[in-house]
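Number of protein chains: 2
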Amino acid sequence: MAIATKPRTKRGEQRRAEILAAAEQVFGTKGYSDASVAEITTVARTAQGTLYIYFSGKDEIFTELVREMGRMTRAKVGRAVAGASGRLDAERRGLAAFLRIAAERPALYRIVEEARFVAPEAYRSYFEDFARAYRLHLDEAVAEGGIRPGDNEVRAWALMGMAKTLGERFILWGRETDIDRIVDHAIDMIDHGLRAK
Amino acid sequence: MAIATKPRTKRGEQRRAEILAAAEQVFGTKGYSDASVAEITTVARTAQGTLYIYFSGKDEIFTELVREMGRMTRAKVGRAVAGASGRLDAERRGLAAFLRIAAERPALYRIVEEARFVAPEAYRSYFEDFARAYRLHLDEAVAEGGIRPGDNEVRAWALMGMAKTLGERFILWGRETDIDRIVDHAIDMIDHGLRAK
DNA sequence: AGAAAACATGATCGTTGATTCATGTTTCAC
DNA sequence: GTGAAACATGAATCAACGATCATGTTTTCT
């Protein structure tokens, strides 16, 4: 696999973006191994060889999509959480933002999950980066008395796991349109726990 | 792909089991597509053709492993939860049992997750069967006043998601040996929620 | 013991699909 | 406007691997 170069012209940028968009669609619907380079380039309306100008191979283009999802998720969730009134409000906004991403880019969502097997490095850093930030926010909230003390590393991963699985079940499979309904119920549990008063 | 038959002799039973065990190991370490039938049969110390006496193909043996994980998880978690003093104790025992399975059979754990892409039907029924039972137990607990009312479908999936992700992070990646520590912290959140009193 | 069914073998077949590259076209700096 | 660099093409290559099957061995049943 030869090394690929960054595009140096406007046309190049565009081609690369077209190929990425096509790859998102094809990987997202067929999965990594059923997706062929031939199909990706057909959808992108380019020749097969063109893909290798911008990417070193099938796996690199896949990994790049995982990175894109990482950037997007950090940006959107970060923005959503920015104006929150406290940690529990931030949890609500963050979860809602995440589920909205799943609804808008289901292909990208699946790609990240499949990355666990196709691009384990990229998968791990996606979640570890997210967890690191998550944990820090929880630590701050504990310090400020907004939430009860506890193990925030465990909490961060538990909360990410909830979000992932709710997305899979209600957005990807269930095509739930009322995201707020899911968020309300999940947040109620995160907020108060299950124990009867 | 020809249809495969159930073994009719003791030797047959044993061979099939040997092949399944080899497949668990190979699929679990290399993943579905990097695992070759040749390697599975080498590990099982049989000829390649032998695999096709018991399984119709590479995908069927993989699916069978997902079913095995389903049976084992239902059995072990069911047994663990049986003597619980209430729903919250059942949550604790169930989560602990699940994480112990992840520690004992990490290959099987990975296989189930990869099934999402390799054998989606098997993957869905694994989790939907589990969710159905989970939800019923939560419904009962609400009826008996053991836990607060709420949407138990959302709760069941949220709780399964927590368990899955904690297993991945702390058992598969972190090789955490103190399972009870993880369980304690997670259950504390499930029990009381995050909100400061 | 003998026959039939079940099981085991592994070399071969056939398909698939990622990657390459020689040739042609477009862009852009000067 | 011109030349060099960048970009585009798609047919050909090549390795990998799942599945098969004709032949041989073992088990079971009476």
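Those protein sequence lines, which keep their order, are chains A and B. Offset between the first sequence (1-based) and this note's numbering: plus 33. Offset between the second sequence (1-based) and this note's numbering: plus 33. Beta carbons are placed, not taken as given, at the ideal position from N, Cα and C, and that holds for glycine.
>> At the 7 Å Cβ level, is A/K109 part of the contact set with chain B, yes or no?
In response: Under the Cβ criterion of 7 Å, A/K109 is not counted among the residues facing chain B.
> How long is the line joining the alpha carbons of A/L132 and B/R165, rounded to whole angstroms?
Replying inline: Near 23 Å, if we compare the C-alpha coordinates of B/R165 and A/L132.
>> So with CB distances below 7 Å, who are the chain A contacts of B/I94?
In response: Residues of chain A passing the Cβ test: none, with the nearest at roughly 17 Å.
> What residues match up with B/R228 in a beta bridge as DSSP calls it?
Replying inline: Per DSSP, A/I180.
>> Do B/A191 and A/A191 have their beta-carbon atoms positioned less than 7 Å apart in this structure?
In response: At the C-beta level, A/A191 and B/A191 stay beyond 7 Å of one another.
>> Could you compute how far the alpha carbon of A/R107 sits from the alpha carbon of B/A68?
In response: Inter-residue distance for A/R107 and B/A68 is about 34 Å (C-alpha atoms, whole angstroms).
>> For a contact defined as C-beta to C-beta under 9 Å, what are the partners of B/I144 on chain A?
In response: Using a Cβ-Cβ cut-off of 9 Å, B/I144 is close to nothing in chain A; its nearest Cβ partner there is about 10 Å away.
>> Rounding to the nearest angstrom, what Cα-Cα distance links A/R129 and B/A37 in this structure?
In response: The residue you asked about is not Arg; residue 129 of chain A is Ala in the sequence shown. Spanning the two alpha carbons is a distance of roughly 47 Å.
> Nearest chain A C-beta to B/I180 closer than 7 Å, yes or no?
Replying inline: Answer yes: the Cβ-Cβ gap between B/I180 and chain A drops below 7 Å somewhere.
> Leaving out the 5 sequence neighbours to the left and right, which residues in its chain are closer than 6 Å to B/E51 when beta-carbon positions are compared?
Replying inline: If you ignore the 5 residues before and after B/E51, its C-beta comes within less than 6 Å of the C-beta of A77, all in its own chain and listed in chain order.
> In the structure shown, what three-state DSSP assignment does A/T210 receive?
Replying inline: In the structure shown, A/T210 sits in coil (DSSP, three-state: anything other than H, G, I, E or B).
> Along the stretch 184-205 of chain A, what residues have a CB closer than 7 Å to any CB found in chain B?
Replying inline: The stretch 184-205 of chain A vs chain B, Cβ under 7 Å: D184, V187, R188, W190, A191, M193, G194, M195, K197, T198, L199 and R202.
> Between A/L141 and A/E57, which are expected to be in contact by the criterion C-beta below 8 Å, what is the C-beta distance as a whole number of angstroms?
Replying inline: Indeed, because the Cβ distance is near 6 Å, the residues count as touching under 8 Å.
> Residues in its own chain within less than 6 Å of B/D247 by CB, not counting five upstream and five downstream?
Replying inline: The structure shown does not extend to residue 247 of chain B, since chain B is modelled only from 34 through 230, so no value can be given for it.
> What is the rounded straight-line gap between the Cα of A/M222 and the Cα of B/N185?
Replying inline: Looking at the two C-alpha atoms, the distance is approximately 10 Å.
> Just reading off the alpha helix (DSSP H) that B/R126 is part of, what are its end residues?
Replying inline: Counting along the chain, the alpha helix (DSSP H) containing B/R126 begins and ends at R120 to E137.
> Does the stretch 136-155 of chain A come within contact of the stretch 93-108 of chain A, defined as at least 3 CB pairs closer than 8 Å?
Replying inline: With the cut-off at 8 Å, the stretch 136-155 of chain A and the stretch 93-108 of chain A touch.
> In this structure, does DSSP put A/F95 in helix, strand or coil?
Replying inline: A/F95 falls in the helix class under three-state DSSP.
> Start and end of the alpha helix (DSSP H) containing B/K39?
Replying inline: Counting along the chain, B/K39 falls outside any alpha helix (DSSP H), and DSSP gives it neither H nor E.
> Is B/Y65 helix, strand or coil when you go by DSSP?
Replying inline: For B/Y65, the secondary structure class from DSSP, reduced to helix, strand or coil, is coil.
>> Excluding the 5 residues flanking A/A189 on each side, which residues of the same chain have their C-beta closer than 7 Å to its C-beta?
In response: A164, Y167, R168 and L171.
> In chain order, what residues of the same chain lie with their CB nearer than 7 Å to the CB of B/V114, ignoring the 5 residues before and after it?
Replying inline: These residues qualify, in order along the chain: A123, R126 and G127.
>> Mapping the DSSP letters down to three states, classify B/G103 as helix, strand or coil.
In response: In this structure, B/G103 counts as helix in the three-state DSSP scheme.
> Does the Cβ of A/M34 have 16 or more other Cβ atoms within 10 Å, making it buried, or fewer, making it exposed?
Replying inline: Exposed, by the Cβ-count rule.
> From A/A136, A/R228, A/A148 and A/V175, pick the residue whose C-alpha is nearest to that of A/I215; which is it?
Replying inline: Closest by alpha carbon: A/A136.
> Using a Cβ-Cβ cut-off of 8 Å (strictly less than) and excluding sequence neighbours within five positions of B/R138, which residues of its own chain qualify?
Replying inline: The beta carbon of B/R138 sits closer than 8 Å to the beta carbons of E57, M102 and M105 from its chain, once the five residues preceding and following it are set aside; these are given in chain order.
>> Applying the 10 Å Cβ sphere with the 16-neighbour rule, what's the burial state of A/T62?
In response: That one is exposed.
> Expressed to the nearest angstrom, what Euclidean distance is found between the alpha-carbon atoms of A/K91 and A/V70?
Replying inline: If I take the Cα positions, the gap works out to 7 Å.
>> 7 Å is my cut-off, CB to CB: does A/H170 come that close to chain B?
In response: Interface with chain B (7 Å Cβ-Cβ cutoff): A/H170 is excluded.
> Considering only C-alpha positions, which residue in the set B/T79, B/E201, B/R208 and B/E146 is nearest to B/G64?
Replying inline: Here the closest residue by C-alpha is B/E146.
>> Taking the alpha helix (DSSP H) that A/E186 belongs to, which residues open and close that run?
In response: Taken as a continuous stretch (DSSP letters only), the alpha helix (DSSP H) holding A/E186 covers N185 to L199.
> In chain A, which residues lie with their C-beta within 7 Å of the C-beta of B/E147?
Replying inline: Those within 7 Å of B/E147 in chain A are F150.
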